[in-house]
Amino acid sequence: MKRKQDRLIGMAHPQEARTADPERMLGLAMRRGAMGRCPNCGEARLFTGYLKVKDHCPNCGEALHHQRADDGPAYVTILIVSHVAAAVMLSVYTIYRPSSEVMIAIFLGGSLLASLILLPIIKGAFVGLQWAKRMHGFGHGGEDRPNEP
Numbered sequence: 017m018k019r020k021q022d023r024l025i026g027m028a029h030p031q032e033a034r035t036a037d038p039e040r041m042l043g044l045a046m047r048r049g050a051m052g053r054c055p056n057c058g059e060a061r062l063f064t065g066y067l068k069v070k071d072h073c074p075n076c077g078e079a080l081h082h083q084r085a086d087d088g089p090a091y092v093t094i095l096i097v098s099h100v101a102a103a104v105m106l107s108v109y110t111i112y113r114p115s116s117e118v119m120i121a122i123f124l125g126g127s128l129l130a131s132l133i134l135l136p137i138i139k140g141a142f143v144g145l146q147w148a149k150r151m152h153g154f155g156h157g158g159e160d161r162p163n164e165p
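Following my numbering, the numbering of the sequence shown begins with 17 at its first residue and continues without gaps.
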């Protein structure tokens, strides 16, 4: 019954699908991306600059231009940094009672530094996630959007 449903929908049998498309490990791909490495091979660098993703991996040839991280990494970075900074700021103010100028200087600088450190890590993890889940053209070698006229 299951095989008949698969044929009706136009899908291959699950066993056949596994041999055609090797499974991509999500955690491994995200870890490799977070380390700034290709999510496929883990050898070559993922970025050409601070946040610019290479079009292809020079080591394994994997096409990386499909990635569409967009604003996701920035939102996650802001979420993490703001929650950590708010908790630390409240604790520091409660314990030490520094002046407003000292609080602004320390936490503005700390938040900026933390954001600049986390942003490429989170963007790399986003690219690894998209690659592992075969999103945005990473799957079967084709784009997921039609060409515009």
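Note that the Cβ used here is the ideal one computed from N, Cα and C, for glycine as well.
(request) Please check the pair cysteine 54 and glutamate 39, which I expect to be a contact at CB under 8 Å, by giving their CB distance rounded to whole angstroms. (result) Here the question's residue 54 lines up with position 38 in the sequence shown. Here the question's residue 39 lines up with position 23 in the sequence shown. Rounded, the Cβ-Cβ distance is 17 Å, inconsistent with contact.
(message) Here's the rule I'm using: 16 or more other beta-carbon atoms within 10 Å means buried, otherwise exposed. How should leucine 106 be labelled?
(response) One-based indexing of the sequence shown puts residue 106 at position 90. Looking at its Cβ environment, which holds fewer than 16 other Cβ atoms inside 10 Å, leucine 106 is exposed.
(request) May I have the straight-line CA-CA distance separating glycine 155 from serine 131, to the nearest angstrom? (result) Residue numbering aside, residue 155 sits at position 139 when the sequence shown is read from its first letter. Residue numbering aside, residue 131 sits at position 115 when the sequence shown is read from its first letter. For glycine 155 and serine 131, the distance between alpha carbons rounds to 31 Å.
(request) Entirely within the segment 67-144 and at least 4 residues each: give me those alpha helix (DSSP H) ranges in chain order. (result) Correct list: 88-112.
(request) Indicate the three-state DSSP secondary structure (helix, strand or coil) for arginine 48 in the structure shown. (result) By one-based count along the sequence shown, residue 48 stands at place 32. The three-state secondary structure of arginine 48, taken from DSSP, is helix.
(message) So the candidates are Trp147, Lys139, His152; which of them puts its Cα closest to the Cα of tyrosine 91?
(response) One-based indexing of the sequence shown puts residue 91 at position 75. Distances from the CA of tyrosine 91 to each of Trp147, Lys139, His152 were compared; the closest alpha carbon is that of Lys139.
(request) Sort out for me which residues DSSP pairs phenylalanine 63 with in a bridge. (result) Translated into positions along the sequence shown, residue 63 becomes position 47. Its beta-bridge partners are Val69.
(message) Using CA atoms only, rank isn't needed, just tell me which of Val69, Cys76, Thr93 is closest to glutamine 83.
(response) As a position in the sequence shown, residue 83 is number 67, starting the count at 1. If we check each option's Cα against that of glutamine 83, Val69 comes out closest.
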